[in-house]
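Residue numbers (this note's numbering): 1 to 133. Glycine is no exception: its CB is placed at the ideal position from the N, C-alpha and C atoms. A quick note: this is a predicted structure, and the numbers were derived from the prediction, not measured.
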Ligand SMILES: [Zn+2]
Ligand SMILES: [Zn+2]
């Protein structure tokens, strides 16, 4: 996402998927170093887990107007996290633009089909962040 790969050989990977207004499924794979993950996603993902009914960015209740963005998060040394982000319409647009940054667009299949699983082993850069187990 940011090109800072040298200092962080083990990057997080997030598989994002959502449905475009046309009904087409759009899926990308994004790699993130720890600072980018924290900057863009760490807090919203935690907030979404705590309160699944509210937009994780602005905390507005989304009620029945749900257009979720699905994320499968692989962080080195952590269990994989699968979560649906119940963003409001504005934040969905921002989130999806961010998700496309430096990402690879995937064919319309689930993340389980996308080649080898990322190597899961602990790295201090990720351990220090206090993320989900
Ligand atoms: Zn970065
Ligand atoms: Zn919002």
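Bounds of the alpha helix (DSSP H) holding residue 43 are 43–50.
Here residue 48 is buried, its C-beta having at least 16 other C-beta atoms within 10 Å. Distances between the C-beta of residue 36 and the heavy atoms of ligand 2 are all 6 Å or more. Relative to residue 86, the option among 74, 70, 80 whose CA is nearest is 70.
DSSP links residue 57 through a beta bridge to no other residue. Here the alpha carbons of residue 74 and residue 89 stand approximately 26 Å from one another.
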